[in-house]
Amino acid sequence: MIPEYNIYVHVPFCSSKCNYCAFFSHACANPDWDQYANGIISEINYWGKKLCAPDVATVFFGGGTPSLMPPQFFDKILTAIRKNFNLDQNCEVTLESNPGTINHDRLVDFCNAGVTRLSVGVQSLSDEKLKFLGRRHTVKDAMNLISDAIKQNIRLSADFIYGMPHDTTDDIIKMCQDINSIGLRHCSLYELTLEPNTVFGKMNLDMPSNTEMADMYMAIDDTLDLQRYEVSNYAAPGFECAHNQNVWDGAPYIGIGRGAAGRIKIGNQWYEQMGNNEVFAKIDSKTRAIERIITGMRQVRGVKLDPGIQKVINMDFVTSNPELLNMTTDNRIAATKQGMLILDDIILNMTR
Ligand code: SF4
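If you read the sequence shown in our numbering, its first letter stands for residue 73, the second for the next number, and so on.
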C-alpha cells in the first residue's frame, strides 16, 4: 500500500537577515522567481512519478519568506503538485509569511490559488523588540495582516519569540495576555537561542538563566488560552497544524527545494530524500524508529508504541520514571509537564 504523503516546499529568500536567524535563507527579495519555480516544478514532476502519484494530506510552504513569492508562481507550483499527486479534498496548504510582504490583494490571490492556512511571523508585540530582533516590520503591520487573514476565513497561526535579554516571567505573562486578546486559534512560541554565525551569536548578550527560561515556559502554559500540543506549539482543539503533526508522528514527507529534506517509504524501506533528485539514501528501521521517537516525543500526546518503536524503546526507563513519562489510553508514551523540561535527556534514556 502506498502511504499518504506530506509535501514541504522550501522558499529560501528573505528581504534581509534577522539578527538571530540560523536558517538556510538568503537576503534577496527579488530572486529570479521563474527560474526558482521551474526548478521546484521539475522536482515535483520527478517525485510524483517516482512515488506513483500518492495521496497527499498537507502541503507546507516554508522559508525563508514564501510570502515574498509573486502569487502567480505559487499558483504554478501548487498546480504542478495537484497534477503530480493526489491531493486530499481537505488538503491543508500552509503559507509562511512575514508582515510587510503581503498586502490585501496578494493575500486574496494566495487564498484563491489554494492557501488554506497562513502562518505569520509576528515574533513580538513590541516595536522596540522587533527592532532588536532585526525584523523589518512593525506591530501595526503584523496586526493588519492578521485582521486581513481573519476576514479571508482561512486558518491562521502566529509565531512569537520569548526569552530575550532582560525578559522577566512577568513580561512573558503580559505577552501571553496580549496574544490572548488577539483571539488566535494557533500560535508558536519559540525560546530565543543564540546560534553561532548570527549577529546575536557574535554579541555578548545578557540572556535569562535556564531557571528563568523554565519559569517563562511554565508561565506560557498557565497563561495562554490555547493548549500546548508540542514543545513550542499551542492550539484550540482541532486547530493544530496537520502538516507538522503528521511529520512528528512519522508519516512520510517530501522536501522540495534547496535545503529541504524528506523521508519517503518505498515498499517497507525508508529513504532519506533531498530536493536534489539524485540523493536517495536508505535509512535502517532502527534509525527511523529513533527519529520518530525524537519528533513524536515533542508532542504532548507523545509517540505511538507501535511494533517499530517497541523494538528500540527502553521500557524499563519508561515504567520506572512516572514523574517524567506516562502511557496514554491510546497506547502512546508521552512526557509529563516536568518531563517536557528535560526532553533531550529523556529521549537519550528512552532508546537503547
Ligand atoms: S524572516 Fe525568518 S528565515 Fe528570514 S531571515 Fe528572518 S528569521 Fe530567518
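All C-beta atoms in this analysis are idealised placements derived from N, C-alpha and C, irrespective of residue type, glycine included.
Over what stretch of residues does the beta strand (DSSP E) that includes I405 continue unbroken?
404-407
As an exercise, report each continuous beta strand (DSSP E) stretch of at least 3 residues that is fully enclosed by the segment 112-139, in chain order.
127-135
Identify whether P194 lies in helix, strand or coil by the three-state DSSP scheme.
A small correction: the amino acid at residue 194 is Val; Pro does not occupy that position in the sequence shown. Strand at V194.
For C248, which of helix, strand or coil comes out of DSSP?
helix
Using beta-carbon positions only, say whether M422 and I385 come within less than 8 Å of one another.
yes
Please identify the residue among A332, A291, G374, K409 whose C-alpha is closest to the C-alpha of Q249.
A291
Would the segment 318-327 count as touching the segment 192-200 if we require 3 or more Cβ pairs under 8 Å?
no
Would you mind sorting D239 into buried or exposed? The rule is 16 or more other CB atoms within 10 Å of its CB.
buried
T137 beta carbon near the ligand SF4 (any heavy atom closer than 7 Å):
yes
Closer than 7 Å: is that where the CB of K89 sits relative to any heavy atom of the ligand SF4?
yes
Simplified DSSP state of Q410, which is helix, strand or coil:
helix
Rounded to whole angstroms, what's the CA-CA distance from N276 to G235? Just pull it up for me.
15 Å
Pull up the CB-CB distance for E302 and Q371, whole angstroms please, since I reckon it's below 8 Å.
5 Å
Would you list the residues sitting across from H98 in a DSSP beta bridge?
F85
Residue burial classification, I251 (beta-carbon count within 10 angstroms, cutoff 16)
buried
Roughly how many angstroms lie between the CA atoms of G120 and Y77, to the nearest whole one?
11 Å
Beta carbon of T270, beta carbon of C93: below 8 Å?
yes
Of all the beta strand (DSSP E) runs that stay within the bounds of the segment 372-401, which reach a length of 3 or more residues?
397-399
Per DSSP, cross-strand counterpart(s) of D242:
D242 pairs with nothing; no bridge assigned.
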